[in-house]
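Counting in the numbering used here, the sequence shown runs from 1152 upward without gaps.
Step one of this worksheet: look at the structure below.
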Amino acid sequence: MHIRLPKRLLAAALAGTLAMTPVSAAFVDTETHWAADAIARWSEEYQIIQGYEDGTFRPDNSITRGAFAGILDRFLKFQAQAPAETFADTGGTYWESAILKLNAAGIYLGNNGKALPADTITRQQAVTMIARAFGVDAATDTLSYLDAEQFAEYARGPVAEMTARGYITDSQEGFFRPLDPITRAEIVNILNNMIQVLVQETVSYSSDVNGTMMINAEGGASLADMTIAGDLILAPGVSSPVTLNNVTIQGAIRNFSGVEPTWFQVVPTDPGQPGETQTPETPAGPGIQPSEVYTPGVTTGETFEYDKRQIPVYADAEPIQLYEGDFMWNDTGDRLIYTGDRYRTRFGIDVSAYQNRASGGAIDWEAVAADGVEFAMVRAGFRGTSTGAMNADEYYAQNIDGAMAAGIETGVYFFAQAITVEEAIEEADFVIELLRDHEINGPVAYDWEMHNSTYRVYGTAPEMATACAVAFCRRIQEAGYTPMIYAGTYVSYIKYDQGAIAPYLSWYPEYKSETSEKLYPTIRYQMDYWQYSSKCSIAGITGNVDVNLQFIPW
């Protein structure tokens, strides 16, 4: 069912809203963990270290030596393998191949002819192996840790160098704890500190990298018109060409593959000899510019302060109509009830693979409907915050079909990271293709987020951010769906022209609890949907669920 109506009529006609699970909440037990963002990145986006079938990641659990070998092998994709008889205790074990590959690469050396794959790996052992794997040669073995005397001799240099390079950031009060088991979260944190962008598929890449880039795609990659602020690492698994076209690498190339990168540099045009006619190459034209996508919104001349900046007030953006005293908690304390008289409201949720994993792989949508859920927004997919690779949510089709069959109004959202208009259109087309064989009757939301400098959208100009949102929505609307824009306070005020996006449905996140002093959304503009909590209990779903209210004018 495709709906095309003006925005306010849409608010009344649509029974669907959406809310989304942030990238950092990839597992039921990581939402408030100190390494939540890194865990989500290296598990969900890069899939280097996996969670468990019950939806947990168990970030503070230790890990065996064999399992650690499996992580490094998955990361670097080693090719050569040592003879099966290298270790006396690996024959027929699950991690045998990974251990023998790491041994052939000089990383996993074992102890007196044994690999000890079932033993818990310690912090000094793990960091030493990581340093060997990435060719981090020690310039010193001087350790500044208060427990330096506890280190084995083999680990002193690798740990000292990894610390000096800023890769070790989890030491508490000056203690490294070399003999303690390393945890799953600590492993992920080190990888996250070492690698800014991981390219796992054969792609063309042209975004600047504020750190080190690593390519482990067997088919290589094409890099163009970009600067890598750190190193470029080619993993052992790369077996096809890597081309560098007008690429500046401020660090070094660390090449562990058998492939030499091919360079193409842009050079100044030869001025030629006197009397020669020069025919300069026609430079590639710029991409679609914001001015080609939207007309800036009209402002009132008033401003307000946010983040120590003066923010203009847009004439076409409807002022907020929700105030103190308009909301109260229900008896269970996790669902808000609107008590005002300007809107009728509906209750909805948003889900992604996170909820499926927590629920054993399947959400009981009939139970969800029986629990009073009137609409659901399903994550259709996401673009990686570093690589820019686009991915379908593992359970999007199952969730769409299940929610629709249960009579729940169903829409979708896409976690966007577009930095050009062309990429925003690509994201819209990706969603449209995913929906080709699935009926929905709710909106399609564009969720462009930027939490810190590790996100590829960091530094995107407000004009381009607005153009990307408008281009996505326009493409979605052309396909017959109803577009919506999800944006928090920072993106709403700093990145988006509220006048330009006013024609589209809006979805705003601001979480509340029983201890909140202001039990209402505090943004200046009225939203169509409010994501007010990420900690609601819903029948048919295990663990916390994001919940929302839709506001429909009377």
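No residue lacks a Cβ here, since even glycine has one placed at the ideal position from N, Cα and C.
All values derive from a computational prediction rather than experimental measurement.
If you draw a straight line from the C-alpha of Glu1619 to the C-alpha of Ala1575, how long is it?
-> Before going further, note that residue 1619 is Cys rather than Glu in the sequence given. Near 5 Å, if we compare the C-alpha coordinates of Ala1575 and Cys1619.
Comparing alpha-carbon positions, which option in Gly1539, Asp1477 and Arg1316 lies nearest Tyr1289?
-> Strictly speaking, residue 1289 in this sequence is Ala, with Tyr absent from that position. Among Gly1539, Asp1477 and Arg1316, the Cα nearest to that of Ala1289 is on Arg1316.
CA-to-CA distance, Val1449 to Leu1294, given in whole angstroms = Their Cα atoms are separated by approximately 60 Å.
Rounded distance between the beta-carbons of Val1582 and Phe1566, thought under 8 Å | Wrong, their Cβ atoms sit about 11 Å apart, outside the cutoff.
Beta strand (DSSP E) runs contained entirely in the region 1471-1536, provided each spans 3 or more residues = 1478-1480, 1487-1489, 1494-1502 and 1526-1534
For Tyr1662 and Pro1463, the rounded distance between their alpha carbons = 25 Å
Name the residue from Tyr1632, Glu1545 and Arg1216 whose alpha carbon lies nearest to the alpha carbon of Pro1268.
-> When each option's Cα is compared against that of Pro1268, the closest is Arg1216.
Could you check where the beta strand (DSSP E) with Glu1453 kicks off and where it finishes?
-> Thr1450 to Tyr1457
If you count every other CB in all the chains shown that lies within 10 Å of the CB of Glu1195, and 16 or more means buried, which is it?
-> buried
Rounded C-beta distance between Phe1178 and Gly1202? I'm assuming under 8 Å.
-> Yes, they are in contact, since the Cβ atoms of Phe1178 and Gly1202 sit about 5 Å apart, within 8 Å.
Locate the beta strand (DSSP E) running through Gly1650, then write down its first and last residues.
-> Under the DSSP assignment, Gly1650 falls outside any beta strand (DSSP E), being part of the alpha helix (DSSP H) whose first and last residues are Gln1649 to Ile1652.
Leu1473 and Tyr1671: beta carbons closer than 8 Å?
-> Contact: yes.
Nearest to Met1479 by CA position, among Ile1471, Pro1470 and Tyr1489, is which residue?
-> Tyr1489
Return helix, strand or coil for Tyr1641, following the three-state DSSP convention.
-> Residue state, collapsed to three classes: helix.
Does DSSP put Glu1560 in a helix, a strand or coil?
-> strand
When the cut-off is 8 Å and only beta carbons count, does Ala1218 lie next to chain D?
-> Looking for chain D here will not work: only one protein chain is present.
Span of the beta strand (DSSP E), counted from its first residue to its last, around Asp1598 = Val1595 to Trp1599
For Thr1378, is the classification buried or exposed, using 16 other Cβ atoms within 10 angstroms of its Cβ as the cut-off for buried?
-> exposed
Does the beta-carbon of Pro1447 have 16 or more other beta-carbons within 10 angstroms, so that it is buried, or is it exposed?
-> Pro1447 sits exposed, since fewer than 16 C-beta atoms from the chains shown fall within 10 Å of its C-beta.
Confirm, please, whether the CB-CB distance from Gln1198 to Gly1388 is below 8 Å.
-> no
Report yes if the C-beta distance between Ile1222 and Ile1338 is below 8 Å; otherwise report no.
-> Between Ile1222 and Ile1338, the gap from beta carbon to beta carbon is short of 8 Å.
Can you tell which of Pro1634, Met1678, Trp1414 and Pro1704 has its C-alpha closest to the C-alpha of Thr1640?
-> Met1678
Touching by the beta-carbon criterion (3+ pairs, under 8 Å), the region 1619-1632 and the region 1552-1561 | no
Alpha helix (DSSP H) segments (min. 4 residues) lying fully within the region 1572-1633 = 1572-1585 and 1613-1629
Count the other CB atoms, across all protein chains shown, that sit within 10 Å of the CB of Ile1689; report buried if there are 16 or more and exposed otherwise.
-> buried
Specify the secondary structure class of Ile1384 as computed by DSSP and reduced to three states.
-> The answer is strand: DSSP assigns Ile1384 an E or B state.
Reference Ala1468; option with closest CA among Leu1700, Ile1652 and Glu1668 = Ile1652
Which of helix, strand or coil DSSP assigns to Asn1542 = strand
Just reading off the alpha helix (DSSP H) that Phe1219 is part of, what are its end residues?
-> Unbroken alpha helix (DSSP H) run through Phe1219: Arg1216 to Leu1227.
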